[in-house]
Amino acid sequence: MENVLAVLNLGDLAQAFSKMGMFPVFDLAYYIVSILYLKYEPGSVEVSRRSPVASWLCAMLYCFGSYILADIMLGSSPVDYFQYNSHILLASAVWYLIFYCPLNLFYKCVAFLPVKLVLVALKEVVRTRKIAAGVHHAHHAYHHGYFIMVIVGYVKGSGVALISNFEQLLRGVWRPETNEVLNMSFPTKASLYGAILFTLQEAHWLPVSKSTLILVFTLFMATTKVVMTARHSHGSPFSLIESWTCHLLFGSPLGGGEEDNHHPSAGAAPPSPVKTKEELSEGARKRKAKKAE
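In UniProt numbering, the protein residues as written are 1 to 293.
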């Protein structure tokens, strides 16, 4: 066994992985998937035709919303991240190609399922790194503010979803029922749990190195999200545990009332609130793509 571990050299692998640069490959994948999900949103294509400026601002929120929200929480300027010209230009290029490429060629390439699965996996690498960086940043500002570390890490991992209602206003849409706090999607829940784990590690209450935690959590996030995307699943691997825990602590399963109100009738499939965040408008998107062609 010792020989096997020595050959695998997992400690060095985790260390090398944690120091791997995110720009440009991983960040590019993050921008592509984020803006791809923006195009799935109802009315986003119409906004891109009617007001390219509003569409660009929405795309920047999808790409950098977590940084903006975290900076506001930590007392920094919300436009700080816009000083990184290479990131802004790269995200802007992705936005232009997804919305305005002739014949929707770029969109069709990145939306092709095998390609999309690779991009989704790469995006989760960036998400995990952002959670870890958010917790570390908050630790420097508030050494014993463990709740602040969790909140900032959580925001860094899912800030885009948390400010989705503000982004909707830029598109001329107001759907308060899609509030991410009310209907938490898997990435948002996972970001919260990840922020807790990285906070425990930062406080030396979790007997594992940060590099190892980054590697393990990245593998979990990437694998889970790829499987969910491949199966077009909108559930959550935490559902069973959450239902049991909420029933024990609060007397009802998590989202129990919501499930009761959405029981299928006449054999219809029950809708999932997560679809509004990513792929609820898949049919509408296809019709828009055909229309654009």
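Positions of the beta carbon are idealized from the N, C-alpha and C atoms, including for glycine.
- Across the set LEU192, GLY172, LEU122, the C-alpha of LEU192 shows the shortest separation from the C-alpha of GLU180.
- Where PHE147 is concerned, the enclosing alpha helix (DSSP H) starts and stops at 146–162.
- Assignment of SER209 by DSSP, reduced to helix, strand and coil, places it in the coil class.
- Taking C-alpha positions only, MET20 is separated from HIS87 by approximately 17 angstroms.
- The beta carbon of TYR100 lies closer than 8 angstroms to those of SER48 in the same chain, with the five residues before and after it left out.
- Counting along the chain, LYS39 sits inside the alpha helix (DSSP H) bounded by residues 25–40.
- Taking the CA atoms as reference points, VAL226 sits about 21 angstroms from PRO24.
- In this structure, VAL126 sits away from MET60, with a CB-CB distance that is not shorter than 7 angstroms.
- When rounded, the separation of the alpha-carbon atoms in LEU197 and SER243 is 21 angstroms.
- Pairing SER77 with ASP71, the inter-Cα distance amounts to about 6 angstroms.
- The beta-carbon distance between THR224 and PRO237, rounded to whole angstroms, is 6 angstroms. This is short enough to meet the 8 angstroms contact definition.
- Nearest in C-alpha terms to ALA29, of all of SER92, LYS156, ARG231, VAL118, is VAL118.
- The three-state reading of DSSP puts PHE99 in helix, counting H, G and I together.
- Between ILE151 and GLY65, the CB-CB gap reaches or exceeds 7 angstroms.
- In the three-state reduction of the DSSP assignment, LEU10 falls in the helix class, which pools H, G and I.
- In the assembly as shown, VAL53 is an exposed residue. Its beta-carbon has fewer than 16 other beta-carbons within 10 Å.
- Closest by C-alpha distance to LEU170, out of PRO102, VAL155, TRP56, GLY157, is TRP56.
- Shown here, ALA203 sits in coil according to DSSP, grouped into three states, outside any helix or strand.
- Of LEU69, LEU249, PHE17, the smallest CA-CA separation from PHE166 is found for LEU69.
- When C-alpha distances from SER233 are compared across THR245, PRO187, LYS130, the shortest belongs to PRO187.
- Closest option to LEU74, judged by alpha-carbon separation, among MET149, LEU248, SER44: MET149.
- For LEU90, the closest alpha carbon among the candidates GLY194, ALA111, LYS156, CYS63 is that of CYS63.
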